[in-house]
Amino acid sequence: MSVRHFLTLSDFTPVELERLLARAIELKAMRRDGLRHEPLKNKVLAMLFEKSSTRTRVSFESAMIQCGGGAIFLSPRDTQLGRGEPVEDTARVLSRMSDVIVVRTFEHEKLERFAAHSTVPVINALTDQYHPCQLLADLQTYVEQRGTIKGKIVAWVGDGNNMCNSYIEAARLFEFELRISTPPGYDPDSALLKASAGHATLTRKPQDAVRGTDLVVTDVWTSMGQEQEQATRLRDFAQYQVNARLMALAKPDARFMHCLPAHRGEEVSADVIDGPQSVVWDEAENRLHAQKALLEMLLS
Ligand code: CP
Ligand code: NVA
Numbered sequence: 602m603s604v605r606h607f608l609t610l611s612d613f614t615p616v617e618l619e620r621l622l623a624r625a626i627e628l629k630a631m632r633r634d635g636l637r638h639e640p641l642k643n644k645v646l647a648m649l650f651e652k653s654s655t656r657t658r659v660s661f662e663s664a665m666i667q668c669g670g671g672a673i674f675l676s677p678r679d680t681q682l683g684r685g686e687p688v689e690d691t692a693r694v695l696s697r698m699s700d701v702i703v704v705r706t707f708e709h710e711k712l713e714r715f716a717a718h719s720t721v722p723v724i725n726a727l728t729d730q731y732h733p734c735q736l737l738a739d740l741q742t743y744v745e746q747r748g749t750i751k752g753k754i755v756a757w758v759g760d761g762n763n764m765c766n767s768y769i770e771a772a773r774l775f776e777f778e779l780r781i782s783t784p785p786g787y788d789p790d791s792a793l794l795k796a797s798a799g800h801a802t803l804t805r806k807p808q809d810a811v812r813g814t815d816l817v818v819t820d821v822w823t824s825m826g827q828e829q830e831q832a833t834r835l836r837d838f839a840q841y842q843v844n845a846r847l848m849a850l851a852k853p854d855a856r857f858m859h860c861l862p863a864h865r866g867e868e869v870s871a872d873v874i875d876g877p878q879s880v881v882w883d884e885a886e887n888r889l890h891a892q893k894a895l896l897e898m899l900l901s
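Numbering (our numbering), first residue to last: 602 to 901.
This is how it looks when you write it as structure tokens:
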């Protein structure tokens, strides 16, 4: 049997994803109740990160420690990958020494090449194209707050980036309606949009996307690797800030999410991210629980 990876949400069926979220909620309760649960004893997670990270790194490392295993963090600064060793060779070697591998990199195609040469499960910890682990935490958070997301309306405001692409996949798999609002030139992946037709639509005016929605989501205007475009992006996204005026168009009990790190005063105003509709801290915490469920699923 070929090895199972988690490179995009579509690698799992809707039934598996629902089961994973339910398990994440269960694992969260078990931790809250102080129950010891060590299903990953003696298991090793290798973590290859070519970009910075706070949440993803700490949630995976904590998950492995709490589940009885261990994690090894590797950056290009101190591995041979950073000195030109091929990604295929790195995958072959790491997968002979570890049980599961988490990779954060730039091109999604590089992650695919890595996974193709790994004999153990590979998890996408963010590429330029997708951020599926964040979606697990976002969906868990929505379910905890509001119950099923099926049939609900979600607004994405800002850049058509990796997070937006994963939301497009989620809309199809979890059967919610996604209304995306991006400035011209910053659209999400058109093939993905096409594949999720009927679940995801694109509009220019943020007000049109947010009106009557159950959840409003945004992300940074300048993602990692785009730093040289920052000045242009600040100008192009100026009308796309999620602020109290925009949130007022959503349903009164709508929630606000942001994968973090956030830039108050840019993509989101401080009163929204620090206000009563924001669930960003639960969203961040749920990275831990959702990824424990993911690790359990891939390693069992
Ligand atoms: N949301 C998220 O992936 O955060 P980090 O970049 O800190 O891992
Ligand atoms: N879109 C952001 C997400 C960070 C978690 C980036 O790629 O930098």
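C-beta: ideal position from N, C-alpha, C; glycine also.
query	result
Any non-hydrogen atom of the ligand CP closer than 7 Å to L861 Cβ	yes
With 16 other Cβ atoms within 10 Å as the buried cut-off, status of W757	buried
Cβ neighbour criterion (16 or more within 10 Å) applied to R846	exposed
Whole-number beta carbon distance between E776 and G752, since they are thought to touch under 8 Å	7 Å
Cβ-heavy atom distance, L895 to the ligand NVA, below 7 Å	no
Pick from V843, R620, L610 that is closest to T749, judged by C-alpha positions	R620
Proximity test, Cβ basis, 8 Å: I666 and chain E	Judged by its chain identifiers, the structure shown contains no chain E, having just a single protein chain.
Anticipated Cβ contact below 8 Å, R747 with L727, distance rounded	In fact, because the Cβ distance is near 26 Å, the residues do not count as touching under 8 Å.
Beta strand (DSSP E) runs contained entirely in the segment 839-880, provided each spans 3 or more residues	856-859
Candidates L774, L636, Y841, of which the one nearest E617 by Cα	L774
Rounded straight-line distance, which links the Cα of C668 to that of N887	15 Å
Alpha-carbon spacing of F661 relative to P640, whole angstroms	15 Å
At least 3 beta-carbon pairs within less than 8 Å: the segment 850-864 vs the segment 813-831	yes
8 Å contact criterion, which V688 and P722 should meet: CB distance rounded	Not a contact, Cβ separation roughly 17 Å.
The segment 724-742 contacting the segment 795-810, beta-carbon criterion three pairs below 8 Å	no
Alpha-carbon spacing of R836 relative to E867, whole angstroms	10 Å
Cβ-Cβ separation, K644 to G670 (assumed contact under 8 Å), whole Å	4 Å
Residue environment, S699, which counts as buried when at least 16 other CB atoms sit within 10 Å	buried
Rounded C-alpha distance that separates A860 from E686	The question names Ala, but residue 860 in the sequence shown is Cys. Approximately 32 Å between the Cα atoms of the pair.
E710, buried or exposed, once every other Cβ within 10 Å from all chains shown has been counted against 16	exposed
C-beta atoms of D760 and D820 nearer than 8 Å	yes
Among R605, M665, Y768, F607, nearest to A796 - alpha-carbon criterion	Y768
Where L636 falls, given that 16 or more other Cβ within 10 Å makes a residue buried	exposed
Spatial distance of L896 from L712 (CA atoms)	18 Å
Rounded distance between the beta-carbons of S653 and A692, thought under 8 Å	The pair is not a contact, with the Cβ atoms about 22 Å apart (cut-off 8 Å).
Candidates V755, R684, A716, T655, of which the one nearest L608 by Cα	A716
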